[in-house]
Structures are given as structure tokens and as C-alpha cells.
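To start, the structure itself, in C-alpha cells.
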Amino acid sequence: MKKYEFINREVSSVLAKSEPKTTLRQHIDDGLNIYTQFQEILPRISVKYDVTFWKVLRASVILHDTGKSHIEFQKLLMGKNNKWYHQRHELFSVYFALNSDCADVLGTSGLLAILGHHKSLDELYDFIDKNYSKDKEWDFDDDGLDYNDECKKLEKDTVWSLLKQYGINRGTNCHIDLKSIIKHAIRSTKGIRNKHTIEQILLVGALKQCDHMASAGIQKLYSLDSKDFNYLDCFALYDHQTQAGKIIGNVIMTAPTGTGKTEAAMNWLRTQIRNRGTGRVFYVLPYTASINAMYERISKDIEKEKVGMVHGNLLQYLDYRFSDCSYDCSVIKKIAEDLKTMITPFKVTTPFQMLKHLYGLKGFEKGLVEWAGAYFIVDEIHAYDARTFAQLMVLLHFAVTQLDVRVHVMTATLPTFMQKELSSVLVPFHNVVANQKLYERLVRHRVMLQDGRLFDNIPIIQKYIDNGLKVLVVCNTVDDAQYVYQSLDSENKVLLHGRFCARDRNKKEFLLKNSDIRLLVGTQAIEVSLDIDYDVLFTSPAPIDALIQRFGRINRKCQKDICPCFVFSEPGEKDHFIYKNKGVINRTIEALEMIQKQGKGIIREDALQKYIDYVYPNWTEDEKAEYDDTRRIFEKFISEEMAPLEYSEQKEEDYYKQFDGQKVLPMSLSEEFQQYLSDYEFIKADSLLVSVSTGRLMSLLHSEQVELKSFAYPVKDSVKMKKEFVIKTTYSQELGLQFDMNDNNEQLEEDNFL
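No gaps in the numbering here: position 550 of the sequence shown is 554 in my numbering, and each next residue is one more.
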């Protein structure tokens with residue numbers, strides 16, 4: 005038998021990492037620091053799984069990197085010549101796990117967590133199959149490695165001495181069949197119908213979180229306390245805000261726009277934390293702009309370090325927000341990571357950033373452990389189509405039934421049939437409705453139904469601008485918004501839509517918050533994105549729930565006389581691309597005619613539910629089919645297929661298929677893009693890209709208006725290339741990307757949820 009020479013080492017000298025140099029002992033201590041804080045910030049796990057969960061997690065944290073004691077891996081970390089052969093250290097950690105006196109404590113769940121804290125089970129199985137060929141009974145070749153022989157190269161005495169300091173001792177020395185262990189895990193019952201699945205997912209996620217945060221040098225995780233919401237005591241609360249603060253459990257709240265639904269949710273949250281204990285909080289909104297605005301708002305009320313956010317344009321938003329601080333890319337990326345990680349207990353996010361965990365995308369376990377005992381606040385729930393609403397219902401039901409999540413949903417405009425779906429997944433729940441007196445007092449808007457199309461009535465709009473009023477104009481397509489904006493004359497005016505690059509979009513949003521803009525023209529992004537208050541509205545026809553949100557940007561605080569909201573009865577030429585259901589638009593116009601006839605156009609907000617249900621009596625046949633099919637397929641995956649450390653390429657494809665968007669670079673910005681790359685300002689470079697639909701991109705490629713170009717930039721002694729679609733059509737900071745108004749072959753996604 006071959007003998008291996010081991011270095012006579014102190015326990016403290018075994019390395020876990022080389023950059024920065026970190027000993028195994030230090031890495032274990034850093035991981036246990038996170039583990040200890042997990043017990044404090046995720047207290048509801050103990051309610052469901054008692055102390056056993058924490059015992060298994062502690063042992064997993066201590067053992068997960070012990071395989072790095074392999075003498076060849078230690079040489080690798082020390083920069084010496086080695087024969088490591090790119091083996092997987094976590095496979096050798098299994099040796100210590102199975103031969104320790106806590107093997108029974110670890111069980112299958114702990115062993116899976118240790119095995120999979122870097123790779124999936126399929127990847128590990130393939131690695132073993134390809135590299136440990138001597139383990140194959142039919143292989144008589146001497147090539148390849150033998151796992152149990154490799155275990156002889158572990159610095160066992162040193163590691164056992166270290167483990168003893170954490171209360172883990174050497175047990176029996178057993179032969180290990182890695183392939184059988186992993187094969188058994190892959191073949192075991194999957195889905196939440198298996199009562200152990202959720203606990204295994206949480207253990208894997210918790211170990212990954214401990215390992216990754218320890219490696220990142222994170223020392224402190226913040227938690228929320230009921231005192232964080234004491235700012236609510238500084239002003240008088242509406243009745244529905246007070247009611248929400250008296251409830252322990254799930255809430256569905258209905259209240260008019262502009263009546264402090266956010267404060268109601270915060271008051272509810274304070275009560276939950278005070279009575280059930282702390283937990284992570286997710287504030288869910290549909291649009292990027294509304295997430296940015298809510299992040300800014302919450303950061304002023306709650307300790308800034310406790311508030312984070314997650315969305316697809318986060319880096320570009322932060323780069324613009326900190327443009328005066330001269331931060332480089334690495335600093336911006338670090339800030340973004342901190343906002344997304346478990347450092348922050350309160351996150352503002354989109355539903356899609358949460359849904360990715362239920363699709364089982366790689367690393368989903370880390371996301372789900374953060375949900376354990378969490379609090380979800382879901383705002384603007386009316387904004388989703390049938391497919392997204394179905395997924396959201398599955399998400400909420402899963403969170404409530406499997407992870408002990410409590411949910412607060414807020415709405416002003418949800419049809420009754422959708423409220424029934426919502427109430428069926430939040431069992432039990434409390435219904436909170438704004439006080440009747442508040443509804444009666446909120447007389448803010450008068451509907452003025454006008455014949456014709458909005459962009460044919462520019463002189464009417466100009467008259468109100470000339471009279472010194474703050475005017476809001478909402479079109480249904482970008483082309484119409486661009487035309488109307490150019491046709492109107494105003495000193496301080498802004499155009500806002502989804503066809504700007506992130507840099508220019510961020511500039512406009514900051515301008516709207518900090519300047520006295522007299523004219524705002526935009527698309528439906530304005531409906532829920534911004535806390536703005538204008539004097540008069542002009543809008544193209546849209547579904548009644550969208551119109552109510554647009555009305556909510558006028559006389560928002562009810563501090564003015566009744567303000568006019570002009571709704572034009574005829575749609576633009578391309579509005580059918582945005583609102584495909586003509587019946588909904590026609591019934592909306594009929595509802596507005598009723599309001600004009602019955603109350604001279606004055607909107608009584610307590611009567612709006614009647615009109616919403618008139619416009620939306622139920623799903624259409626196609627919508628109902630899409631809702632049912634989406635929910636059935638999604639629930640089937642969770643029930644029968646979801647499993648830790650198993651990631652489906654098909655599910656990942658299904659997830660990303662939902663987002664019809666491609667990034668293009670306006671030709672007029674290509675020189676600036678190249679300069680940013682040359683200066684290694686990659687975030688700023690990406691902020692110049694504009695999102696267009698896939699269909700639009702294909703059409704532009706066919707007409708040779710787009711070409712794929714390579715941009716070169718130096719990296720050390722070589723040159724790297726970055727490829728982007730460059731679009732030849734006109735772009736400006738004021739108007740955004742412009743297309744031929746006569747192009748009838750396009751269907752542009754006017755705003756996207758990410």
C-alpha cells in the first residue's frame with residue numbers, strides 16, 4: 005500500500021481559502037457566526053422543525069469544508085505543485101460526516117446539504133462517474149482515481165483534532181460508496197408530497213447561505229424590530245390603517261388610491277413582529293420604477309441598512325443614484341449584493357424575482373430559506389395578467405402552507421372573482437376595508453368622457469397647460485406618447501415610457517421626484533410607478549382598473565377642488581396591441597357613461613367596485629383556460645418534482661420564456677458605449693441598452709435596421725469582445741427610441757415587470 009507524507013501541522017494551519025488566506029477553523033467560525041444569527045432572524049423555523057433542524061445545520065456548517073484538508077488541495081491553496089486533478093472537496097467532506105459520531109444527527113438531509121453546497125446531485129454523479137473510474141467493477145484499467153484511496157490523503161488527525169473542539173468526535177471508519185448515496189438521493193420521492201422535502205430544501209439553503217456569506221466576509225445580519233415602525237405614531241392614522249395594526253394573520257385590504265395603504269401594511273407588520281417574532285419581509289410590486297420609489301420611501305422611515313431591493317435593473321439604478329460619489333463598478337456591485345442578500349431584512353422586489361425560486365432555478369434553496377416565517381406585502385395586485393396572477397396564487401399558497409408566511413395584500417381595484425381566488429389561498433384571512441366616511445369624503449375626480457382620439461385633441465390639452473395647471477397625459481403606446489409630447493408646449497415637461505435606456509429612464513424618475521414638472525406625458529408605466537400629484541388628466545381609453553390608477557395621480561391627497569379626468573372614447577391605431585380584449589374597453593366606456601349620467605361625472609370611490617365588476621364579470625374563456633392551466637402545471641411541479649439540489653433546464657427555460665424582451669444599443673450611443681467598456685465602466689455601458697420585444701427585434705433584423713456588432717476592450721495582455729445588437733433608428737434622451745409610425749408589424753412590450 006502506498007504511503008502518503010503528511011505535513012506535521014497545527015489545527016490552525018489547515019487552509020479553507022487562499023484569497024484571502026483563511027484557515028478552516030476561521031471559516032467554520034465565520035459560518036457559525038451566520039448560523040447563530042439565523043436562529044435569531046428566522047425564529048419560525050424552530051416552531052415547525054424544533055431544535056433538530058438547528059443541530060443538523062450546525063453540524064453541517066462545521067463539516068462542510070473538511071474535505072479541503074486533502075493534501076493535494078492544501079498544496080493548491082498554498083500555490084505549490086499538486087496532483088489535485090480538479091476533484092471536488094465536498095465529496096471528501098462526506099468522509100468526515102459519515103465517520104463522525106454525529107452521522108446519525110446529520111441524517112440524509114445534512115449529508116445532502118454538505119454534498120450539494122456547490123454542485124447539483126446530477127453534476128456530482130457525473131463527476132464521480134467520469135473521474136473515479138477505478139470504482140467501476142468492469143474497469144480493469146489503472147487510469148482514473150479511486151475515491152476511498154483518495155480519502156487516505158486527507159489530513160485526518162489534524163481535522164479530527166479540530167472537530168473535537170466543536171464537540172464532534174471520530175467514529176467508525178467505514179467504506180463509502182458515493183455513487184450509491186447520490187443515486188439514492190436522486191431516486192427518492194420528490195415534491196412537497198414528501199414530508200421531508202421542505203426541511204431538506206431549507207437545510208441546503210441555510211448551509212449555502214452560511215457558507216457564501218462567511219466566504220464574503222459578512223459578519224452582521226440585520227433584523228427588524230417592532231420599534232422600527234415607531235415613526236407611524238407621529239401622525240394620525242386612517243381607520244383601515246388602525247384596523248390593519250390590530251390583526252395577527254393574513255389580510256386582504258381594500259382602500260382607495262392615495263389613502264396610505266403602505267402605512268397600513270407597515271402597521272400590520274409591526275403587530276406581526278411584536279406578536280409572532282421577527283422574520284424577513286418582502287414588499288412585492290410589479291414595476292421597476294415603483295420598486296425604486298418604494299425603496300427610497302422605506303429607507304427614509306426605517307434604518308437604511310435594513311432595506312434592500314431586487315430587480316433586473318438594480319445595477320443601473322444604483323450607478324445613477326451614486327453618480328456623485330465616484331464609485332467604481334466593484335463598489336456598485338458590492339452595494340447591489342448587500343441589498344439582495346440576507347443582510348437586509350426588508351426587501352422591495354418583483355414577483356418574478358420570487359417566482360424563480362418556485363421554478364427550482366439553481367440556488368433556489370437559498371431563496372426559500374429566507375422565506376421561512378417571512379412576511380409578504382403584496383401591492384398593486386390588480387396589475388397582473390391571468391398567467392402571472394395564477395403563478396402568484398400558487399406562490400402565496402405555497403408560502404402560507406409550507407413556510408409559515410403571513411401575507412398582507414392591498415388593492416383598490418381588484419374584481420370580485422379575482423378576490424375570491426385570492427381569499428381561497430390565504431386561509432384564514434381577515435378582510436379590511438376603508439371606512440365608509442373616508443370613501444364619502446374622497447371626492448377627487450370628475451370623469452369627462454370625450455369623443456375622438458387623444459392625439460387628435462392637442463389644442464384642448466394645450467389650453468390647460470397655458471392656464472398654468474399641472475397636466476398629466478397617459479397614452480397607451482410609446483409612439484402616441486412621443487407624438488403628443490412633441491406636439492405640446494410647456495416649460496418643464498417630461499416624457500416617460502419603456503423605450504428609454506436605463507440611464508435616461510433613471511434621470512427622468514429622479515427629475516419627477518425633485519423638480520416641479522408641469523407636464524408629464526407617458527404610457528401605462530405611470531399608473532403605479534410614481535407618487536405624483538397633478539391637476540388634470542388626459543388619457544386614452546383603457547380598462548377601468550388602469551383608469552382608476554391613472555385617476556389616482558390626480559388630486560392624490562384630496563387637497564384641491566374636484567379635478568377633471570378627460571377620457572377619450574376612441575383608441576389609437578395600435579392600442580389593440582396593448583389591450584387585446586375589446587369587450588373590456590367597451591364595457592369601461594359604458595361604465596364611464598353611467599358615472600356621467602348618474603353623478604354628473606363625479607367619481608364616488610365607494611361605488612367603484614360595482615363598476616369594476618361590471619367591466620370584469622369573470623375571466624374570458626381564454627383567460628380562464630390560461631389561468632387554470634398555468635396553476636395546474638405549476639402546482640404539479642411543486643407537489644411532485646421540486647427537490648433540493650435538482651435543477652431542471654426545462655423549468656428554467658419556462659421561467660425565462662415569460663419575458664419578451666431583447667436589449668439593443670442605439671447607434672447614436674455606440675461611441676459612448678465603447679468608451680465605457682474601454683474605461684471598464686461596464687455598468688454604465690449596460691445602462692445605455694434599450695429593451696425591445698423579440699418580435700420587434702426579428703422585424704428589425706429582417707429590414708436590416710439592426711446588426712450584431714462586436715466591441716473590443718483590453719484585459720491584461722489580451723483583448724475581449726462584447727457583442728450587442730446595434731439599432732440604426734433614432735434615439736434621443738428626450739424622446740427615447742423612435743420607430744416608423746407607419747410600421748404595423750410590431751407588437752412592443754410597453755413596460756416590463758423586471
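Where is the CB? At the ideal position from N, CA and C, for every residue including glycine. Since we're looking at a predicted model, the values are computed, not measured.
Given this structure, state the Cα-to-Cα distance separating residue i from residue j, to the nearest angstrom.
i	j	result
residue 315	residue 380	16 Å
residue 518	residue 537	13 Å
residue 297	residue 166	50 Å
residue 424	residue 184	48 Å
residue 140	residue 150	Any reading at residue 140 must be qualified, since the residue scores a pLDDT of 49, below 50, and its modelled position is unreliable; no value is offered.
residue 521	residue 663	32 Å
residue 738	residue 489	10 Å
residue 374	residue 403	11 Å
residue 173	residue 114	17 Å
residue 688	residue 643	43 Å
residue 719	residue 683	11 Å
residue 192	residue 112	11 Å
residue 599	residue 612	10 Å
residue 120	residue 158	20 Å
residue 69	residue 107	16 Å
residue 214	residue 391	35 Å
residue 389	residue 717	42 Å
residue 66	residue 170	8 Å
For the beta strand (DSSP E) holding residue i, just list the boundary residues, first then last.
i	result
residue 454	449-454
residue 353	350-353
residue 463	It is not in any beta strand (DSSP E) - residue 463 instead sits in the alpha helix (DSSP H) that spans 462-470.
residue 20	19-22
residue 731	722-731
residue 666	666-670
residue 57	No beta strand (DSSP E) holds residue 57; the alpha helix (DSSP H) holding it covers 48-67.
Could you have a look at residue i and say whether DSSP puts it in helix, strand or coil?
i	result
residue 91	coil
residue 717	strand
residue 479	coil
residue 303	helix
residue 222	coil
residue 414	strand
residue 286	strand
residue 378	coil
residue 428	helix
residue 538	strand
residue 739	coil
residue 315	coil
residue 619	helix
Could you give the first and the last residue of the continuous alpha helix (DSSP H) run that contains residue i?
i	result
residue 208	201-219
residue 163	160-168
residue 188	182-191
residue 37	28-45
residue 333	333-344
residue 254	No alpha helix (DSSP H) contains residue 254, which is instead part of the beta strand (DSSP E) from 254-258.
Return the chain-ordered list of same chain residues with a C-beta closer than 7 Å to the C-beta of residue i, the five sequence neighbours on each side being excluded.
i	result
residue 53	203
residue 609	260, 443, 446
residue 386	415, 417, 418, 549
residue 281	47, 48
residue 704	710, 731
residue 80	86, 88
To which residues of the same chain is residue i closer than 6 Å at the C-beta, ignoring the five residues directly before and after it?
i	result
residue 715	678, 681, 726
residue 686	333
residue 144	Model confidence at residue 144 stands at a pLDDT of 40, short of 50, so the residue's coordinates are unreliable; what they give is reported in the following sentence. Hits under 6 Å: none found.
residue 435	256
residue 475	468, 469, 523, 540
Can you tell me which of the options puts its alpha carbon nearest to the alpha carbon of residue i?
i	options	result
residue 785	561, 407, 572	Summary: the structure shown does not reach residue 785, with the chain confined to residues 5 through 758, and so no result is reported for it.
residue 397	634, 210, 478	634
residue 1	735, 711, 744, 530	Since the first and last residues shown for the chain are 5 and 758, residue 1 lies out of range.
residue 587	624, 598, 412	624
residue 210	39, 478, 548	39
residue 591	577, 607, 614	614
residue 77	18, 301, 32, 303	18
residue 349	323, 273, 337, 34	273
residue 502	697, 545, 430	697
Take residue i and list the residues in its own chain whose beta-carbon comes closer than 8 Å to its own, dropping the five residues that flank it on each side.
i	result
residue 439	242, 243, 244
residue 180	98, 99, 102, 151, 152, 155
residue 218	31, 34, 35, 37, 38
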